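K.L.:
The structure is given below, and queries will be raised subsequently.
Okay, here's the thing in structure tokens:
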């Protein structure tokens with residue numbers, strides 16, 4: 001029988017006004033990958049931060065490798081064999097890889113009576129670890145020059161320099177390409193075979209069924225269930241996560257599709273886009289699929305003036321328009337919602353009201369250029385209600401919202417501009433399954449009211465469930481187009497991976 005290497009008993013953690021963890025218990029065995037599931041705000045990350053010493057539990061017991069522990073900081077956890085790899089890495093960007101690996105626990109030697117860092121020993125051990133991870137990242141490379149997948153490898157290697165036997169992955173695949181995900185999964189499998197215990201936090205249920213042995217669901221800070229992955233299914237997990245059986249994951253309504261709203265012809269940008277041709281009709285949800293790096297985001301950003309194009313024409317309502325910057329796009333009724341809401345979509349340290357009103361302060365000003373606060377509150381209040389944003393009021397800070405509610409604020413900010421065409425780039429990235437269903441319903445309701453939407457998504461089921469047509473991009477060009485009736489996961493993937501011929505523009 002597998003050895004229990006981590007056990008939590010009745011963990012309680014309270015923040016001002018919120019009981020984040022309410023008596024949670026959990027066990028991790030050596031040689032297993034154990035998923036933790038739950039909606040945004042369920043307490044997954046808080047629980048793991050308690051394990052790693054970022055937060056201190058109010059009460060409860062934690063047993064690590066047979067000993068009761070209560071870490072005061074992550075370094076203490078590292079030294080006792082527990083390591084967390086966050087979605088956003090904790091590496092020092094300006095430092096070299098080798099220095100990051102051993103920061104705070106450098107291997108020392110003595111030259112006479114003087115202790116000095118033993119770089120040769122550190123390099124030798126680091127190369128052994130990299131060989132085990134099947135990676136060849138240069139030890140003298142600066143971290144800022146590495147890609148996200150390489151940074152994750154450095155984080156894993158850093159944990160192994162402490163001889164960690166408990167690894168916690170928090171949304172590890174959110175920023176990885178499909179190829180990088182495959183490589184990460186292989187490494188996880190190898191670590192599992194060596195007897196490490198791995199906690200895997202993810203919103204992507206398909207990953208849990210592929211890589212994990214057991215899955216624990218928590219809801220509203222409380223333990224709900226633990227199941228063998230092979231003995232459960234997606235619907236059971238979702239029911240545990242949201243406390244009820246879910247209806248349709250993709251509540252797409254049949255809406256009346258009108259004439260052509262936007263047409264793009266011979267769009268070109270050296271290095272990114274190659275002779276792009278497509279159109280979208282009024283009231284339509286048009287999907288854009290493709291592998292990471294296919295050029296989908298670059299195309300959307302170029303159309304709305306966030307980046308410049310080299311050549312090509314854009315027609316709106318049959319008339320050619322010339323968009324020099326994003327203000328021009330907004331004036332024409334074209335609004336973009338970024339895939340990275342934290343970096344480009346929202347100012348998270350500001351209130352919901354301030355975020356929603358930000359793009360249209362000119363419209364909300366009154367005499368002497370003061371902001372009409374009453375109008376701002378009315379505007380925000382309308383979208384808080386219509387979008388179902390879970391917050392006490394419009395003055396609530398965005399940083400304190402769950403990922404799903406932050407995404408609703410990002411979409412509200414765009415809708416407040418009353419666009420003709422809404423460009424949604426990865427609209428459900430990083431949100432839980434319940435919030436996804438809510439956002440899908442909102443999208444469907446918007447098209448029923450006459451709004452036209454272009455949706456970029458890396459999740460094929462989302463595109464197949466929500467879109468009227470799907471364009472497939474590959475290497476900066478359109479490689480295929482499918483009507484809803486003809487689109488299947490296999491067909492779209494086949495074009496994304498293999499097609500060399502442009503179709504269906």
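Residue numbers (UniProt numbering): 1 to 505. Note that beta-carbon positions come from the ideal geometry of N, C-alpha and C, so glycine has one too. In this text, all values refer to a predicted model and were calculated from it rather than measured experimentally.
Report the three-state DSSP secondary structure of residue 94 (helix, strand or coil).
P.N.:
In the chain shown, the residue the question calls residue 94 occupies position 94. Here residue 94 sits in coil by DSSP.
K.L.:
Is residue 414 buried or exposed, if buried means 16 or more other CB atoms sit within 10 Å of its CB?
P.N.:
Within the chain shown, the letter at position 414 stands for residue 414. Buried: at least 16 other Cβ atoms inside 10 Å.
K.L.:
Inspect the beta-carbon positions of residue 213 and residue 440 and report whether they are closer than 8 Å.
P.N.:
Taking the first residue of the chain shown as position 1, residue 213 is located at position 213. Taking the first residue of the chain shown as position 1, residue 440 is located at position 440. Going by C-beta atoms, residue 213 is not nearer than 8 Å to residue 440.
K.L.:
As an exercise, report each continuous alpha helix (DSSP H) stretch of at least 4 residues that is fully enclosed by the segment 154–220, in chain order.
P.N.:
Entirely contained in the segment 154–220, the alpha helix (DSSP H) runs reaching 4 residues are, in chain order, 178–193 and 205–211.
K.L.:
Where residue 265 and residue 277 are concerned, what is the direct C-alpha to C-alpha distance, given to the nearest angstrom?
P.N.:
Indexing the chain shown from 1 puts residue 265 at position 265. Indexing the chain shown from 1 puts residue 277 at position 277. Approximately 5 Å, taken between the alpha carbons.
K.L.:
Pair every Cβ in the segment 322–337 with every Cβ in the segment 381–392, then say whether three or more of these pairs are closer than 8 Å.
P.N.:
The segment 322–337, when compared against the segment 381–392, does not touch it at the 8 Å Cβ threshold.
K.L.:
Name the two residues that bound the continuous alpha helix (DSSP H) containing residue 461.
P.N.:
The count along the chain shown starts at 1 and reaches residue 461 at position 461. Unbroken alpha helix (DSSP H) run through residue 461: 460–466.
K.L.:
With distances taken between CB atoms, is the gap from residue 359 to residue 387 smaller than 8 Å?
P.N.:
Position 359 of the chain shown, counted from the first residue, corresponds to residue 359. Position 387 of the chain shown, counted from the first residue, corresponds to residue 387. Not closer than 8 Å, so no.
K.L.:
To which residues of the same chain is residue 279 closer than 6 Å at the C-beta, ignoring the five residues directly before and after it?
P.N.:
Position 279 of the chain shown, counting from 1, holds the residue named residue 279. So the list reads 260 and 263, once near-sequence residues are dropped.
K.L.:
Whole angstroms are fine: how far does the CA of residue 343 sit from the CA of residue 22?
P.N.:
Along the chain shown, one-based indexing puts residue 22 at 22. Along the chain shown, one-based indexing puts residue 343 at 343. Looking at the two C-alpha atoms, the distance is approximately 32 Å.
K.L.:
In three-state terms, what does DSSP make of residue 479?
P.N.:
Translated into the one-based positions of the chain shown, residue 479 becomes position 479. The answer is strand: DSSP assigns residue 479 an E or B state.
K.L.:
For the segment 283–292 and the segment 442–457, state whether three or more C-beta atom pairs, one from each stretch, are separated by less than 8 Å.
P.N.:
Verdict: yes, contact present.
K.L.:
Flag this pair as yes or no: are the beta carbons of residue 487 and residue 470 separated by less than 8 Å?
P.N.:
In the chain shown, counting from the first residue as 1, residue 487 sits at position 487. In the chain shown, counting from the first residue as 1, residue 470 sits at position 470. A contact, by the Cβ cut-off of 8 Å.
K.L.:
Are any of the Cβ atoms in chain B nearer than 8 Å to that of residue 292?
P.N.:
Note that chain B does not occur in the displayed structure, where there is just one protein chain.
K.L.:
Check whether the segment 51–63 touches the segment 8–18, taking contact to mean three or more Cβ pairs, one atom from each stretch, closer than 8 Å.
P.N.:
Yes: the two stretches touch, three or more of their Cβ pairs being nearer than 8 Å.
K.L.:
Can you tell me whether residue 235 is buried or exposed, with buried defined as 16 or more other CB within 10 angstroms of its CB?
P.N.:
Residue mapping note: residue 235 aligns to position 235 of the chain shown, counting from 1. Residue 235 should be labelled exposed.
K.L.:
According to the neighbour-count rule (16 or more other Cβ atoms, all chains shown, within 10 Å of its Cβ), is residue 272 buried or exposed?
P.N.:
Along the chain shown, read from residue 1 onward, the residue named residue 272 stands at position 272. Looking at its Cβ environment, which holds 16 or more other Cβ atoms inside 10 Å, residue 272 is buried.
K.L.:
Count Cβ pairs between the segment 69–82 and the segment 113–123 that sit closer than 8 Å; are there 3 or more?
P.N.:
With the cut-off at 8 Å, the segment 69–82 and the segment 113–123 do not touch.
K.L.:
Report the three-state DSSP secondary structure of residue 370 (helix, strand or coil).
P.N.:
Here residue 370 refers to the residue found at position 370 of the chain shown. In this structure, residue 370 counts as coil in the three-state DSSP scheme.
K.L.:
Quick check on DSSP: helix, strand or coil for residue 350?
P.N.:
Working through the chain shown from its first residue, we reach residue 350 at position 350. The answer is coil: DSSP assigns residue 350 none of H, G, I, E or B.
K.L.:
Could you tell me if residue 437 is buried or exposed, where buried requires 16 or more neighbouring beta carbons within 10 angstroms of its beta carbon?
P.N.:
Against the chain shown, residue 437 aligns to sequence position 437. Buried: at least 16 other Cβ atoms inside 10 Å.
K.L.:
Given that a residue counts as buried once 16 or more other Cβ atoms are within 10 Å of its Cβ, and exposed if not, what is residue 349?
P.N.:
Along the chain shown, one-based indexing puts residue 349 at 349. Counting Cβ neighbours within 10 Å, residue 349 comes out exposed, since fewer than 16 surround it.
K.L.:
Short of 7 Å in beta carbon distance, which residues of its chain neighbour residue 102, apart from the five on each side in sequence? Order them along the chain.
P.N.:
Taking the first residue of the chain shown as 1, we reach residue 102 at position 102. Only 122 and 161 meet the Cβ criterion.
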